[in-house]
Each structure stands twice: as C-alpha cells, then as structure tokens.
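Q:
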Amino acid sequence: MAKIPTPHIEAKAGDFAKTVLMPGDPLRAKFIAETYLEQTRCVNQVRGMLAYTGMYKGKELSVMGSGMGMPSIGIYSYELFHFYDVDNIIRVGSAGAIQDDVNVMDVVIGMGACVVSDFPDQFGCPGHLAPIADYHLLHHAVESAKELGTEVKVGNILSEDAFYSERSKDCFKKMGVLAVEMESGALYLNAARAGKRALCILTISDHLYRSEELTSKQRQEGFGTMIEVALETALRA
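Every position in the sequence shown, counted from 1, becomes a number in our numbering once 138 is added.
1) Hey, could you find the ends of the alpha helix (DSSP H) ILE247 is sitting in?
2) Compare the beta carbon distance of ASP344 and VAL181 with 8 angstroms and say whether it is the shorter of the two.
3) Straight-line CA distance for ILE213 to ILE270?
4) What separation, rounded to the nearest whole angstrom, lies between the Cα atoms of GLY231 and PRO258?
5) According to DSSP, simplified to helix, strand and coil, what is THR353?
6) If we ignore side chains and look at the alpha-carbon of each, how far apart do GLY205 and ARG185 end up?
7) According to the neighbour-count rule (16 or more other Cβ atoms, all chains shown, within 10 Å of its Cβ), is ARG229 buried or exposed?
8) So for GLY212, helix, strand or coil by DSSP?
9) Examine the ligand MN and report whether any of its heavy atoms sits within less than 7 angstroms of the Cβ of VAL253.
10) What is the DSSP secondary structure of THR173, counted as helix, strand or coil?
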C-alpha cells in the first residue's frame with residue numbers, strides 16, 4: 139500500500155473494490171459504470187484511463203480500462219493486484235474469431251490463452267508457461283451465463299502483441315483456438331504470480347476468415363450480454 143498512488147493510478151487506498159471489470163477501452167469502462175452501477179464515483183483519470191467504483195445489486199464493484207495490448211494491461215493489473223489489494227479481475231473485451239463456428243457477437247470465455255509475446259519470459263521459467271483462467275471465476279461465469287440464458291463458447295484463445303500481424307493464424311485454427319485478442323495472456327500470468335484470480339470474457343467483434351466486423355460504437359456500447367455475464371460472475375466472486 140505504501141506505493142500508492144502509482145505513476146499510472148491516482149486512486150487512494152480503498153478506492154477499488156475486491157473485483158474489477160476491465161475492458162480495454164476506458165470509454166467502455168465509463169459506459170459500464172454509468173449504465174450498470176449505482177453510487178458511482180470516478181477513482182482514476184490519469185492518462186485518460188478511467189476507473190470507477192460503485193454498487194451492483196448491493197455489492198461493491200469497480201471497472202477500469204486496461205488500454206490495448208499486454209504491456210498496458212500488464213501494468214494496470216499488476217498495480218491493482220499488488221498495490222490496491224484487488225483479488226479478482228475480469229477482462230471484458232473484444233476479439234477476432236478464428237474458428238468457423240464462432241460468429242460476430244458470440245460470447246467467448248477464455249479457459250486458457252496462447253501467447254505470442256515476450257511477456258512470459260520475465261518470470262524465468264524454462265519451457266513455456268501456460269496462462270489459464272481461474273477455475274472458480276470460470277465456473278461462476280458459465281453458471282451465470284446459463285441463468286441468463288446466454289450461450290457461451292469456452293476454450294482456448296490467443297493473445298498476440300501485434301494487431302496488424304502478418305503471421306498466419308492457420309496453425310491456431312487447426313489447434314482449436316477460438317479467437318484472438320491482445321491482453322488476456324498477460325492478465326492470467328500476472329494473476330498467477332500474485333496469487334490472485336482472473337478471467338477473460340470476450341465478445342466477437344470481427345472474423346479473421348470472413349468479412350464481418352462491428353463499428354467502434356458497437357464495440358463501445360453493444361456488448362451488454364457479455365457485461366451482464368461478467369457482472370453476475372462478479373457477484374459470486
């Protein structure tokens with residue numbers, strides 16, 4: 139706690155709830171806070187990375203943007219876990235579908251995250267670390283989705299540093315990887331190292347093998363189904 143505020147977060151001790159929903163876009167964080175939370179207060183505006191804490195069905199929750207990519211979510215999740223005593227981070231983001239049976243607006247839960255990045259190297263483990271979700275959060279998310287009548291696809295996802303990548307995704311498609319995004323691998327690794335819990339819930343915004351995609355406004359405000367699953371998961375966390 140002695141290291142707060144940090145260079146990236148101006149919040150004071152106690153400003154964050156134990157569970158934080160983390161979209162990439164700070165404006166999506168603002169949308170979630172204003173739409174779903176009550177008694178909401180803004181706890182961070184540094185670098186425009188908005189964070190809010192409020193109440194959802196009687197439980198205190200926080201929501202904060204992560205920015206794009208593993209380096210960005212790596213910083214914010216590290217500081218939340220280590221300096222702000224956060225126990226659970228649930229990423230609510232967008233992803234590009236890889237499999238033929240995954241479609242735009244489908245909800246995908248990342249059971250594990252393949253990583254195309256040097257991010258895991260910092261931990262000094264031989265071989266390859268396997269970033270995985272917390273089982274309890276994963277179980278709660280699946281159960282919450284069932285109760286909401288929401289169909290979800292659960293499986294492996296890919297976290298890659300480069301958005302404009304020339305690397306083919308064919309090998310990942312052959313291995314059953316559902317979708318690609320840019321943050322979850324770092325989040326899962328940081329949670330494992332801190333002894334905390336993390337989960338990634340995604341809405342498919344485009345398809346890598348078909349000409350289908352959402353607008354930026356749809357990505358910012360059109361992910362209500364995913365957000366509701368995440369909120370109900372947070373209640374059980």
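Ideal placement from N, C-alpha and C gives every residue a C-beta, glycine not left out.
A: Here's the rundown:
1) Per DSSP, ILE247 belongs to no alpha helix (DSSP H); it is in the beta strand (DSSP E), 245 to 254.
2) no
3) 19 angstroms
4) 21 angstroms
5) coil
6) 10 angstroms
7) buried
8) helix
9) Only the bare structure without any ligand can be found here, which leaves the ligand MN out of the picture.
10) helix
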